[in-house]
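Participant: To get our numbering, take the position in the sequence shown, counting from 1, and add 91.
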Amino acid sequence: MNVRGVILAAGLGRRMGAVKQLLPFHGRPLLQHVIDAARSSTLAHVTLVLGNAHAEILPRIDARGLDVVLNPDFASGQSTSVRAGLAHGPDADGVMFLLGDQPLVGAPLIDLLVARFLAALPPALVPVHEGRPGNPAIIGRELMRDAEGLTGDVGARYMLRDNARHVRQIEIGDPAVFRDVDTMDDYLTLLAMRRQADHDVHRP
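1. Taking 8 Å as the cut-off, does the stretch 97 to 113 touch the stretch 188 to 205 (at least 3 CB pairs, one atom from each stretch)?
2. For the pair the stretch 171 to 190 and the stretch 227 to 239, tell me if three or more CB-CB distances fall below 8 Å.
3. Rounded C-beta distance between Ala215 and Gly197? I'm assuming under 8 Å.
4. Between Met187, Gly118, Asp271, which has its C-alpha nearest Val205's C-alpha?
5. How about Thr133 and Asp184: do their beta carbons lie closer than 8 Å?
6. Within the same chain, show all residues whose beta-carbon is closer than 8 Å to that of Val219, passing over the 5 residues directly before and after it, in chain order.
7. Answer with buried or exposed for Ala255, where buried requires no fewer than 16 other C-beta atoms within 10 angstroms of its C-beta.
8. Can you give me the Cβ contacts of Leu99 inside the same chain, cut-off strictly under 8 Å, excluding the 5 residues immediately before and after it?
9. Using three-state DSSP, classify Pro199 as helix, strand or coil.
10. Give me the Cα-Cα distance between Pro163 and Ala101, rounded to the nearest whole angstrom.
11. Pick out the complete beta strand (DSSP E) segments inside the stretch 118 to 202, 3 residues or longer, and give them in chain order.
12. For Glu147, which residues from the same chain have a beta carbon less than 8 Å from its beta carbon, with the 5 sequence-adjacent residues on both sides left out?
13. Tell me the residue span of the alpha helix (DSSP H) that contains Glu233.
14. Run through DSSP, which three-state label would Val205 get?
15. Tell me, which residues are paired with Phe116 by DSSP?
16. Where DSSP assigns a beta bridge to Ile98, which residues make up the other side?
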């Protein structure tokens with residue numbers, strides 16, 4: 092039994108006004124943090140879905156060991172990237188969808204979710220922090236088939252909402268599960284968190 096990963100990083104990022112995948116954080120692009128976490132985790136295989144600005148992104152990231160898929164229909168919405176990720180990759184008992192703008196999601200969290208999913212093989216598993224659902228989510232074989240029919244700017248979370256009674260929630264004591272970077276304010280908040288952490292570490 093295994094779970095493979097799909098990193099969704101093809102979006103336009105309209106609210107950011109910049110190629111957010113390449114914004115620097117702790118010496119690396121935001122997207123590189125997600126790639127490194129997935130690559131060092133127990134995920135059996137990782138597919139990276141790119142679209143917007145892929146020609147600019149690819150030379151500035153290290154995607155060794157990943158299958159890189161270019162989604163030509165990225166402007167039609169996240170569903171096209173979900174379908175592209177499902178279509179490219181080996182057979183697996185589950186697929187974890189990671190967001191390319193969640194640099195605080197590390198390998199330990201990924202491994203915990205994979206282990207919990209494989210222990211029970213629920214239709215889907217979602218991390219929750221203080222009752223609020225986040226990412227990365229894992230879907231099983233049945234919902235993989237449903238996801239292949241998604242259209243428009245609809246991601247896996249809408250499908251999970253519609254199948255809520257089948258979703259297993261795992262409480263996580265870390266708000267990283269819903270800290271993504273959609274706007275410049277989100278990015279500045281992320282940087283401020285890093286500066287505060289550095290200050291706390293070096294405080295006498």
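Glycine residues also receive a C-beta, built at the ideal position from the N, C-alpha and C atoms. Model, not experiment: these values are computed from the prediction.
Facilitator: Looking at the coordinates:
1. yes
2. yes
3. That belief does not hold up - the Cβ atoms of Ala215 and Gly197 are roughly 21 Å apart, past 8 Å.
4. Met187
5. no
6. Gly225, Gln260, Ile261, Glu262, Ile263, Val268
7. exposed
8. Val140, Gln169, Ser172, Val173, Gly176, Phe188, Leu189, Leu190, Gly191, Gly246
9. helix
10. 9 Å
11. 137 to 141, 158 to 161, 185 to 190
12. Val110, Leu113
13. 232 to 238
14. helix
15. Arg119
16. Leu139, Leu189
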